[in-house]
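Visitor:
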Amino acid sequence: GFVGMALSYGLSLNNSFVSSIQKQCDLANKIISVERVNQYMDIPSEAAEVIEENRPAPDWPQVGSVELNDLKIRYREDTPLVLHGITCKFQGRDKIGIVGRTGSGKTTLIGALFRLVEPAEGKIIIDSVDISTIGLHDLRSRLGIIPQDPTLFQGTVRYNLDPLGQFSDQQIWEVLDKCQLLEAVQEKEQGLDSLVAEDGSNWSMGQRQLFCLGRTLLKRCRILVLDEATASIDNATDAVLQKTIQSEFEHCTVITVAHRIPTVMGCDMVLAMSDGKVVEYDKPMKLMETEGSLFRELVNEYWSYTSNGNV
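Counting from 1, one number per residue, gives the positions in the sequence shown under UniProt numbering.
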C-alpha cells in the first residue's frame, strides 16, 4: 500500500513539474511578444504618402536627372554616418553604374533615392524637385526598380505584373514577349490567370527576375534602378535583361548597382564608392586608363576572380 501511494504521489509530482515548466515557457514567449510589440511601437512612422499642397506634375519626372547635394545618411541618430556628403549629378537619360566593395554604401544610396532612409543632411533633387518635399507615394510610384531578390506575391501572373489592373491583356502579353516569358506563360493552361505561389516559389529565380522587368516595362518610369539585379541569375537571363533594358529604356535614366563589373562597362558614367564616400565619378574607359583608379582595381579583381573559375 505504501509503495503504491509513493508511486502515485511521485507521478503526480512529475506531472506538476512538467506543467510548471510549460507555463514558464509560455510566459517567456508572451514576454517576448510584448517586447516585440513595444519595439514596433517605437519605430518612427514613415512620411506622408501624399502631400496634397505639394504634388509633382503628373508627367514628373520628364528628363530623369538626379542631383545628390552633400547627402549624409545615418540609420539612427546615435549611430555614425554611413554616407559622408555624397555630391554628384546623374544627367537625364544617362546610364549610370555604381560600384564598390561590400559595405561601401551602394545600397544605402539607392535606399535614400526611394526614401527608405531619410537624409541626416543634404538633399536629393529629381528634375528640380526636392524629393523630401513630396509624398512617398508620389515619389516611389514614379521610379522603377529591379531588385537583387525579386519579389512575387501569391496570386496570378496578371496580378503580379499589374496589381492595380491598369493595363489590358494585350499590353501584358506584349510585355511578356519582350521579357522572354511569353512561352512559359502560354504553356500553362490558365495563361495570365496561372498561379504564382508565395514568393514565386513555383517559378525559377531567372523567371522571377524577368517578372520584375515586366513590371517596370508596364510602368514606363523615366528612372530605373537595378539594385545588383544580375547577382543571382544565370548568364542567359542576364543577357535577356541587359538587351531588353538597352532597347526599351534607351531614353530613360538607368542606375545600375553592379555586382558583375562588365554590366557597367557600357554605362555613360561610373560612380565608384568606398566607405560611404565618392572616390571617383567619370566615364568608365577614362577611369580604366587612370593609374590608381578604384574602378580599374575592381575590374582587375573581377577578371582575376573569374579567370580562376569562380564565376
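Backbone N, C-alpha and C fix where the C-beta goes; we use that ideal spot for every residue, glycine too.
Whose C-alpha, out of Ser274, His84, Arg74 and Gln242, is nearest the C-alpha of Lys178?
Guide: Gln242
Visitor: Would the beta-carbon of Ile43 fall within 8 Å of that of Ala120?
Guide: no
Visitor: Roughly how many angstroms separate the alpha carbons of Ser247 and Leu113, rounded to a whole number?
Guide: 24 Å
Visitor: Would you give the residue range spanned by the beta strand (DSSP E) that Thr87 belongs to?
Guide: Leu83 to Phe90
Visitor: Could you compute how far the alpha carbon of Met273 sits from the alpha carbon of Phe17?
Guide: Computed Cα separation, rounded: 59 Å.
Visitor: Judging by CA-CA distance, which residue of Asp127, Glu189 and Thr253 is the nearest neighbour of Leu226?
Guide: The closest CA to that of Leu226, considering only Asp127, Glu189 and Thr253, is found on Thr253.
Visitor: If we ignore side chains and look at the alpha-carbon of each, how far apart do Gln22 and Asn38 end up?
Guide: In this model, Gln22 and Asn38 are separated by some 25 Å (Cα to Cα).
Visitor: For my contact list, Leu192 and Val157 are in at a C-beta cut-off of 8 Å; report their separation, rounded to the angstrom.
Guide: Confirmed, Cβ separation roughly 5 Å.
Visitor: On the DSSP letters alone, give me the boundaries of the alpha helix (DSSP H) that Glu297 sits inside.
Guide: Per DSSP, Glu297 belongs to the alpha helix (DSSP H) from Leu294 to Ser307.
Visitor: Give me the Cβ distance between Val257 and Lys106, rounded to the nearest whole Å; I'm assuming they're in contact under 8 Å.
Guide: 5 Å
Visitor: Can you tell me whether Asp59 is helix, strand or coil according to DSSP?
Guide: coil
Visitor: Am I right that Pro150 and Phe211 are in contact with their C-beta atoms under 8 Å? What's the rounded C-beta distance?
Guide: 7 Å
Visitor: Using alpha carbons as the reference points, say which of Thr244, Gly266, Ala197 and Gly276 lies closest to Asp70.
Guide: Gly276
Visitor: Flag this pair as touching only if the segment 45-55 and the segment 74-91 have three or more C-beta atom pairs under 8 Å; answer yes or no.
Guide: no
Visitor: Kindly indicate which residue of Phe167, Thr133 and Gln154 has the alpha-carbon position closest to the one of Arg208.
Guide: Gln154
Visitor: Considering just the uninterrupted stretch of the beta strand (DSSP E) at Thr79, what are its terminal residues?
Guide: Segment: none, Thr79 is in no beta strand (DSSP E) and carries neither H nor E.
Visitor: Is the beta carbon of Leu161 closer than 8 Å to that of Cys221?
Guide: no
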